[in-house]
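One structure is given below, encoded as structure tokens.
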Amino acid sequence: MSEITLREPLLVELSSPGRRGVRFPAADVPAADLPEGLVRDDLPLPELSEVDVVRHYTRLSQFNHAVDIDFYPLGSCTMKYNPKINEDMARLPGFAHVHPLQPEETVQGALALMYYLQEYLKEITGLAGVSLQPAAGAHGELTGVLIMRAYHRSRGDTKRNKILVPDSAHGTNPASSAMSGLRVVEIPSDARGNIDLEKLKAECDDTLVGLMITNPNTLGLFEEHIDEVVQAVHDAGGLVYGDGANLNALLGIARFGDMGFDVVHLNLHKTFSTPHGGGGPGSGPVAVAEHLVDFLPGPIVAIVDQDEEDDLPTFGLVMPKRSIGRVKAFYGHFSVMVRALTYILMMGAEGLRQVAEDAVLNANYLRVLLQDTYHIPYNRLCKHEFVAEGRWEDAPGVRALDISKRLMDFGFHPPTNYFPLIVHEALMIEPTETESKRTLDAFVAAMKQIAREARENPQVLHEAPHTTPFGRVDEVKAARELVLTWFDWNR
Amino acid sequence: MSWKVLPNLKYTKNDEWINPEDGTVGITDYAQAQLSDVVYVEITVSEGDEVQKGDIVATVESVKAAADVYAPVSGTVVAINDELADTPEVVNSDPYGDAWMVRLEIANPAELDELMDADAYQQYCEEREH
Amino acid sequence: MYTPHTPEERRAMLEAIGVQRIEDLFSDVPAKYRYPKMNLPPAMTEMEVAEEMQGLADANLTVKDFVSFLGAGAYHHYVPAVVDHILRRGEFYTAYTPYQPEVSQGTLHAIFEFQSLMCALTGMEVANASMYDGATAVAEAVNMAYHVFRGKRPKAVLSAALHPQSLATVHTYYDASDREIVVPHADDPTADPMRLLDAVDERTSLVMVQYPDFFGRVYDFTALAEAVHAKGALFGVAVNPLALGLLKPPGDMGADIVTGEGQPLGIPLSFGGPYLGIFTTRKKYVRKMAGRIVGETVDTRGQRAYVLTLTAREQHIRRARATSNICTNNALMALAATVYLGLLGKDGLRRVAELNYHKAHYAAQRLAALEGYELAFPDTPFFNEFTLKTPLPVAEINRRLLDYGIFGGYDLSQDFPSLDRHMLVAVTEMNTKDEIDLLAAALDEIAREAAA
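Protein chains in written order, with my numbering: chain A, 141 to 631; chain B, 0 to 129; chain C, 2 to 453.
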């Protein structure tokens, strides 16, 4: 039985009884009696010095790949550069140390910030109302579905219980719909990668709440029949929900509102440069057309007083008239909003449009350079991402997984694997606009080398990665023998 | 690719098998190959439950997928295989034997005629694999 | 500008693609939609935006400018310097969800530590990698209990002493669904918790309370948990994790699900977010728990390693059959809490909790002694927050307190009309004795001036 080696211990293994990290002042008040029967006997936390903690987390950080290190072409995630000015602005004491329940007259700066972000997101989406409250994209989706349902009910239309979702959709789309208690029907894609219009029309009846659609879709393609799609849904009395995860392709190029979408969520942690944080926090604001404005979750920020046109307005928190209610505590992820507003102010309309142009330029550049080496099932002009197949007939046994693991040896994070489900061995590649031609060329070279290795030396791929601090992990063991905390060890 | 398909069983489009003689139900060799390493099986019905054709009787989880197992026909649950919770890997190694999931007292034998026989199922698997 | 291309590079790339101009890349967008005019301010340089944002920040008062006794779900605590230094490492904050374990062991390892620490605090057996906040964690607890009983017990009984925003979130999520959300004695929110049992029957999947509750009160829920179990339902508790540095954990009282708002653990107030949803439960229910979970394993080189596990529960696999839709969570805030707890450790967390406790009790004693003021619940234990009955409407008192440079406690009449003239006062390690004495003097003066 081979020994298991330790690259880096856990906090509990670095612990030494009596070690102190941070000290606090002595109490300057008399000690009160502790509540009888309610004091805990034992607090099983580790004991470390400050140096221990700093070294531990600094060493751990070295095991991560990150956008600050190198290319991270995860399709659908928009791993663009996270500007450092955003980080400084979020930490301004005037933002970081404000309590959400302070009197409104003492937080006019924070409210103004939220108000302007609401307004700018309306401009960018071409829609009439925005709530910044949802905490992430999936949260925004749930919110959007609840808004659509509330709208229908308010009109006495209680028969509607069906949501349509393309088969290429992100898993959160059907999950959010099901979570709202609605019936999910999947619509297949056609041969060109669009949503199948005829099959969609067949489902457009009076039980339809709406359609959840991503445009451009998860294949990176702009829906070729978007007008007919929107028309079909509206004709049946349904609403169109836009998953805004792919907005990086359309900033300043086209607006959801102009295309007839009724409700949309945005991912500030994708399109608007706020960092992914190893899994969050994100922010998923929801934007809606005029007829849905009253249903937004709240509170949202509005101008509550303004003596004269040119006077400084007074901002306040208000609940929309027929709001679905609040979807979380307080007002949303404020410090993420600070970052997003900083970004929008630095880009301006021109800059945002250039973001989309370069994102789409970069994606098409990669597509064209890789199309002879990797099969791209829907190979036409793409938007900010495209999907290739990670397999070849003459390299049996080599899969998207192997290609991804081998890319790590070249210093790149792999693209998104196995999504969308409608492409075999999918590799979804989204370079974003912040990557240089040099990086893109290096990525192409690596992908071509991997394609050669697949035929000449597939073992190198099957055993990859070789140069990363860790190799492939045993996922079956992790799922069969559940060790989910350090208390699970048999000691 | 080839998968084991037993001649005496009946099959569903969702890759369940049923033994028409004793009403035992499980998932097929093709299904376990699709799932790859099974890590968990949960039987979601109890002895005595009445199920309609198409009701969920179990859930099978692997590292990368989760699948619901549906009753191929209507009937009453007379036995469940509670050993699967401890040895889920048996679904991969012996899908037609030790990995049986539930045993049904079949309510309406005519429903068996709606299912595929071994040859039809074999063909169905081949159609999907290209 | 963060797009690096030179004009020559753009030309070369367009040529490689086979189009003449960038505009040609958008020929698939219908012309009528293309290039909308967006009314946004002209682009600013970094220097200009820094000034603009500073201006907005300056238009706020903060808990560093004023003395604050505000709590009600968000608390002013000391965040040690190390926490933000770790959070500012690009390897942590510019990384993505750790779906590729070979290049994400930093994140995965830290999450495993977070899960362990949350179980250490709550006395539970498993934790997820975080949720959005305490309020949505309560909603997810309702969801989980529903799925544990496979929909056969559609009712959830929730205490009216849960944070009103948690209850509001649950209502938004489930009011129009087949779940029945019952908040008994909502007209008497300070009723004894045992009275929740009045509403519990064989259709109940979950009974949920808060600890300390919204009014600051601390109860031993062991008897209630037993009674709930006797009726076949699950017992859930929403906690302030800092209180668990001192107080008996709900795991020891028989809880099945313990959620929490982790903001007190090293996360700044930031006008309400992002904060940290904590979710823990018993191992036997782990497959019904939503959210990401990290498990321990080995890699091909024989090294101990961590990986996202039990992923078959989640939306990217189960899609419509997932129990929850959660994808992005609050990972970086979970890291903050992990570093915070690592720094404070066993001794430090106990000390901070005690400081909160003693200072709050000193304040309660001083304020209760003032004429016209009294404690609403003089016989019930509390941690760092208590309800004070006031001689004037709280809104009026708080307006006057601003002149003293003080943010007064939360006005409970905003949520509970029956609790007119009731102030929720929070006291933490950040409040000195002098500040508490100042509050007492100010409240006294305000009452006297009004009486005059």
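The beta-carbon is built from N, C-alpha and C at its ideal position, and this holds for glycine as well.
Here the structure is a predicted model, which means the values were calculated and not measured.
For this session: Anything in chain B within Cβ reach of R151 of chain C, meaning under 9 angstroms, just list it in chain order.
Result: Per Cβ cutoff of 9 angstroms: T43.
Exercise. Using a Cβ-Cβ distance under 8 angstroms, would R314 of chain C count as near chain A?
Worked result: Not one chain A Cβ lies under 8 angstroms of R314 of chain C.
For this session: Please list the residues of the region 10 to 35 of chain B that have a C-beta atom closer than 7 angstroms to any C-beta atom in chain C, keeping them in chain order.
Result: Listed by position along the chain: nothing, the set is empty.
Problem set entry | Chain-ordered chain C contacts of F583 of chain A [CB-CB under 9 angstroms] | Within 9 angstroms Cβ-Cβ: nothing; F583 of chain A doesn't reach chain C, min ~14 angstroms.
For this session: Thinking P328 of chain A and K523 of chain A are a contact (beta carbons under 8 angstroms), I'd like their distance in whole angstroms, please.
Result: Incorrect: roughly 21 angstroms between the Cβ atoms, too far for contact.
Problem set entry | Residue of A:I569, A:P536 and A:L452 minimising C-alpha distance to L506 of chain A | Its Cα nearest to that of L506 of chain A, the residue A:I569 stands out among A:I569, A:P536 and A:L452.
Exercise. Roughly how many whole angstroms lie between the Cα atoms of V295 of chain C and A369 of chain C?
Worked result: For V295 of chain C and A369 of chain C, the distance between alpha carbons rounds to 48 angstroms.
For this session: Report buried or exposed for R631 of chain A, applying the criterion of at least 16 other Cβ atoms within 10 angstroms of its Cβ.
Result: At R631 of chain A the pLDDT is 39, less than 50, meaning the model places this residue with poor confidence; the figure from the coordinates comes in the next sentence. An exposed status is given to R631 of chain A, since fewer than 16 other beta-carbon atoms sit within 10 Å of its beta-carbon.
Exercise. What residues from chain A crowd round V90 of chain B, counting only those whose CB sits closer than 9 angstroms?
Worked result: Using a Cβ-Cβ cut-off of 9 angstroms, V90 of chain B is close to nothing in chain A; its nearest Cβ partner there is about 12 angstroms away.
Exercise. Relative to chain A, which residues along the region 58 to 77 of chain B have a C-beta separation below 9 angstroms, given in chain order?
Worked result: The region 58 to 77 of chain B vs chain A, Cβ under 9 angstroms: E60, S61, V62 and K63.
Exercise. Considering only C-alpha positions, which residue in the set A:G392, A:N388 and A:M399 is nearest to Y381 of chain A?
Worked result: Comparing Cα positions, the closest option is A:M399.
Exercise. Within the 8 angstroms Cβ cut-off, does E615 of chain A reach chain B?
Worked result: At least one chain B Cβ lies under 8 angstroms of E615 of chain A.
Problem set entry | Contact check, Y291 of chain A vs L351 of chain A, beta carbons under 8 angstroms | Cβ distance not < 8 angstroms, so Y291 of chain A and L351 of chain A don't count as in contact.
For this session: For Q202 of chain A, count neighbouring C-beta atoms within 10 Å of its own C-beta (all shown protein chains included) and say buried if the count is 16 or more, exposed if not.
Result: That one is exposed.
Exercise. Helix, strand or coil for D45 of chain C per DSSP?
Worked result: A quick correction: the sequence has Met, not Asp, at residue 45 of chain C. Under the three-state reduction of DSSP, M45 of chain C is assigned to coil, being neither helix nor strand.
Exercise. How many angstroms separate the CA atom of E125 of chain B from the CA atom of W2 of chain B?
Worked result: Rounded to the nearest whole angstrom, the CA to CA distance from E125 of chain B to W2 of chain B is 10 angstroms.
Problem set entry | Reference H77 of chain C; option with closest CA among C:N357, C:R11 and C:L440 | Looking at the Cα atoms, C:N357 is the closest of the given residues.
Problem set entry | L348 of chain A versus L261 of chain A: straight-line alpha-carbon distance, rounded | A straight line joining the alpha-carbon of L348 of chain A with that of L261 of chain A spans about 28 angstroms.
Problem set entry | Beta-carbon proximity of V50 of chain B to G25 of chain B, cut-off 8 angstroms | Contact check for V50 of chain B against G25 of chain B fails: the beta carbons are separated by 8 angstroms or more.
Exercise. M319 of chain A to A323 of chain C, Cα distance in whole Å?
Worked result: The alpha-carbon separation between M319 of chain A and A323 of chain C amounts to approximately 8 angstroms.
For this session: Let me know if P314 of chain A comes out buried or exposed under the rule of 16 or more other beta-carbons within 10 Å of its beta-carbon.
Result: For P314 of chain A, the number of other beta carbons within 10 angstroms of its own is at least 16, and it is reported as buried.
For this session: Could you work out which residue in A:P233, A:F559, A:H416 and A:F552 is closest to F272 of chain C when comparing CA atoms only?
Result: Restricting attention to A:P233, A:F559, A:H416 and A:F552, the CA atom closest to the CA of F272 of chain C is found in A:P233.
Exercise. What did DSSP end up calling A1 of chain C once you bin it into helix, strand or coil?
Worked result: Residue 1 of chain C lies beyond the stretch modelled for chain C, which goes from 2 to 453, so this question has no answer here.
Exercise. Among A:D307, A:L359 and A:T312, which residue has its Cα nearest to the Cα of K339 of chain A?
Worked result: Here the closest residue by C-alpha is A:D307.
Problem set entry | Top-ranked residue by Cα proximity to V441 of chain A, from A:E525, A:F550, A:E593 and A:S271 | Considering only alpha carbons, the answer is A:S271.
For this session: Out of B:E60, B:G47, B:L5 and B:K9, point me to the one whose CA is closest to R288 of chain C's CA.
Result: Here the closest residue by C-alpha is B:E60.
For this session: Please report the residue range of the beta strand (DSSP E) in which Y221 of chain A lies.
Result: Judged by DSSP secondary structure, Y221 of chain A falls outside any beta strand (DSSP E); it is assigned neither H nor E.
Exercise. Cα separation between E453 of chain A and T513 of chain A?
Worked result: It is Pro, not Glu, that sits at residue 453 of chain A in the sequence shown. Each residue's alpha carbon lies about 59 angstroms from the other.
Exercise. Relative to the C-alpha of V285 of chain A, which residue among C:Y94, C:D416, C:L243 and C:Y174 is closest?
Worked result: Measuring from the Cα of V285 of chain A, the nearest candidate turns out to be C:Y174.
Problem set entry | Residues bridged to P306 of chain A [DSSP beta-bridge criterion] | P306 of chain A pairs with A:I327.
Exercise. Can you list the beta strand (DSSP E) stretches of 3 or more residues lying completely in the region 315 to 400 of chain A, in chain order?
Worked result: Entirely contained in the region 315 to 400 of chain A, the beta strand (DSSP E) runs reaching 3 residues are, in chain order, 323 to 327, 348 to 354 and 379 to 383.
Problem set entry | Ranges of the alpha helix (DSSP H) found wholly within the region 505 to 549 of chain A, counting only runs of at least 4 | As far as the region 505 to 549 of chain A is concerned, its whole alpha helix (DSSP H) runs of at least 4 residues are 540 to 548.
Exercise. Taking any Cβ of chain B, which residues in the region 564 to 578 of chain A have a Cβ under 9 angstroms from it, in chain order?
Worked result: Residues: none.
Exercise. If we call anything under 8 angstroms between Cβ atoms a contact, is Y307 of chain C one with L109 of chain C?
Worked result: Result yes, Cβ atoms of Y307 of chain C and L109 of chain C sit closer than 8 angstroms.
For this session: Say whether chain B places a C-beta atom closer than 8 angstroms to the C-beta of A619 of chain A.
Result: Among the CB atoms of chain B, one or more fall inside 8 angstroms of the CB of A619 of chain A.
Exercise. Is M145 of chain C helix, strand or coil when you go by DSSP?
Worked result: Per DSSP, reduced to three states, the secondary structure at M145 of chain C is helical.
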